[in-house]
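Everything below concerns the one structure shown next.
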Amino acid sequence: MRNFVSERVRRVPPSGIRRFFDIAATMPEVISLGIGEPDFVTPPHIVEAGARSLQRGETHYTSNSGTIELREAVARHLERLYGVSYDPEQEILITVGVSEGLYLAMTAFVDPGDEVIVPQPSFVAYTAEVVLAGGTAVPIVTRVEDRFQVTPEQVRKAITPRTKAILLGYPNNPTGAVMSRENLQAVCEVAQQRDLLVISDEIYDRLVYGVEHVCVPTLPGMRERTVLLGGFSKDYAMTGWRIGYIAAPAELLAPLRKVHQYTIMSAPTTAQAAALAALTDGDACVQEMVEEYDRRRRLIVDGLNSIGLACFEPQGAFYAFPSITLSGMTDEEFTALLLEEEQVAVVPGSAFGAGGEGYVRCSYATAYEKIEEALERMARFVQRHG
């Protein structure tokens, strides 16, 4: 029987994260620092808004673009936070999470042979989506010496005549890095000079600690060439609702909407009602979660450094990315043995692409007390193997 699987799919390896989650799920005493989702439940008023929508019988499709009420709320939200304006009729599309937004962007803009620059370590789906669209992902290795920020010099060196876009993900998963305004402006100037599209995944935009998050389309000359991906999963603890948005100039949004129409029809109606409540009255909940994440962040970073796993200070998202070189193991070996011996689940840095080797990702989106216990177990492990 001939192989019916496409070459594109064969080229994409299975997720390096899922394998460890599957093993950890069979271990009753495991403490997971691996899952990249909030441990908070969705705030009650947001849940109630979704429930009321169902009770009103709102169980049908919405407009392909999403309800106009939610699109207007997204527009107000972006204007209020960042001072960037979008027309809710023509420049905002409601999606099934940022994951769909990423898929739409790659499908709509990438032709076979096109190159997309992807700073790494990065979210595992970035390279995969470029490949699945028929393009070539060109990795740039960010370094701890640069605080895991991509530099304009790196971007210039990576550009070829086939480069079409840069895919940015800051605040970053897995490193927790945040781009400084100066550095991001310099990278965007390169994009303008070489006429490149910028796809900016800003799903963690509200989860920053003592620093500014710079929204890419607010920078001079960038609104017209930026596809902004945003959502509700991280900021509002709404991962299971599967709801996000794209904001882009009308001429860029139109092809995204076309793919969305044929692929999805519309984002979940109930989730749209909940997302509207999140934007209307969710700031206090976001602030409470940020304060708790910050408390956990300081605990885990100090704890990792104290046991010899050097960890730069993450300034965004909810991940720490310590080096495990003192163990003498690869990140895959370290992760597997830590899970086996101490039942602590972390993710090998190599799962996030080039530059992740020798690191592990530790999510602090779990209870403070569990992080304390995980650190004690990791300290025992390091003492045995350090």
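Using our numbering, the first residue of the sequence shown is number 9, and each one after it goes up by one.
Think of the CB as a built atom: it goes at the ideal place given N, C-alpha and C, for glycine as much as any other residue.
Using the C-alpha atoms, what's the distance from residue j back to residue i?
i: Leu101; j: Val138; result: 21 Å
i: Ser61; j: Ile76; result: 15 Å
i: Arg250; j: Ser274; result: 12 Å
i: Ala281; j: Pro257; result: 25 Å
i: Ala359; j: Arg18; result: 17 Å
i: Arg369; j: Ile148; result: 19 Å
i: Asn313; j: Gly105; result: 34 Å
i: Asp154; j: Gly311; result: 23 Å
i: Lys378; j: Met35; result: 15 Å
i: Leu227; j: Gln193; result: 7 Å
In this structure, does DSSP put residue i in helix, strand or coil?
i: Glu66; result: coil
i: Ser107; result: helix
i: Leu317; result: coil
i: Ile207; result: strand
i: Glu123; result: strand
i: Tyr212; result: coil
i: Thr278; result: helix
i: Tyr90; result: helix
i: Ile272; result: coil
i: Gly311; result: helix
i: Gly58; result: helix
i: Gly394; result: coil
i: Gly44; result: coil
What does DSSP give as the partner residues of residue i in its beta bridges?
i: Gly238; result: Tyr253
i: Arg369; result: Val355
i: Leu175; result: Ile207
i: Ala5; result: The structure shown has nothing for residue 5, since the chain only spans 9 to 394.
i: Ile100; result: Ala255
i: Ile39; result: Val352
i: Ser331; result: Tyr367
i: Gly229; result: Its beta-bridge partners do not exist; DSSP assigns none.
i: Gly324; result: Val216
Spatial neighbours of residue i within its chain, please: C-beta separation below 7 Å, excluding the five flanking residues on both sides.
i: Arg164; result: Val198
i: Tyr253; result: Val82, Ile100, Leu101, Ile102, Thr103, Gly238 and Gly239
i: Gly177; result: Ser130, Phe131, Tyr134 and Asp209
Take residue i and list the residues in its own chain whose beta-carbon comes closer than 6 Å to its own, dropping the five residues that flank it on each side.
i: Ala286; result: Ile54, Phe240 and Tyr244
i: Gln231; result: The sequence as given places Arg at residue 231; Gln does not occur at that position. If we look at Arg231 and ignore the five residues flanking it on each side, its Cβ neighbours are Pro225.
Output needed for residue i: all residues of its chain with C-beta closer than 8 Å, excluding positions within five of it in sequence on either side, in chain order.
i: Gly121; result: Gly142, Gly143, Thr144 and Arg170
Does the ligand SAM have even one heavy atom less than 7 Å from the beta-carbon of residue i?
i: Ala33; result: The model on display carries no ligand, and the ligand SAM is accordingly not part of it.
Using 8 Å as the threshold, is the stretch 284-303 in touch with the stretch 44-53, meaning 3 or more CB pairs across them?
yes
Please determine if the stretch 341-360 and the stretch 40-47 are in contact, where contact requires at least 3 C-beta pairs separated by less than 8 Å.
yes
Under 8 Å, with one C-beta from each stretch per pair, do the stretch 202-221 and the stretch 173-187 reach the 3-pair mark?
yes
For the pair the stretch 108-120 and the stretch 258-272, tell me if three or more CB-CB distances fall below 8 Å.
yes
For the stretch 87-100 against the stretch 143-154, do three or more pairs of beta-carbon atoms, one drawn from each stretch, fall closer than 8 Å, so that the two count as touching?
no
For the stretch 165-174 and the stretch 184-192, state whether three or more C-beta atom pairs, one from each stretch, are separated by less than 8 Å.
Counting Cβ pairs under 8 Å, fewer than three are found: no touch.
Evaluate contact between the stretch 378-391 and the stretch 333-350, counting only Cβ atoms and requiring at least three cross-stretch pairs below 8 Å.
They touch, by the three-pair rule.
Kindly confirm or deny that the stretch 301-310 and the stretch 124-135 touch, where touching means at least three C-beta pairs closer than 8 Å.
no
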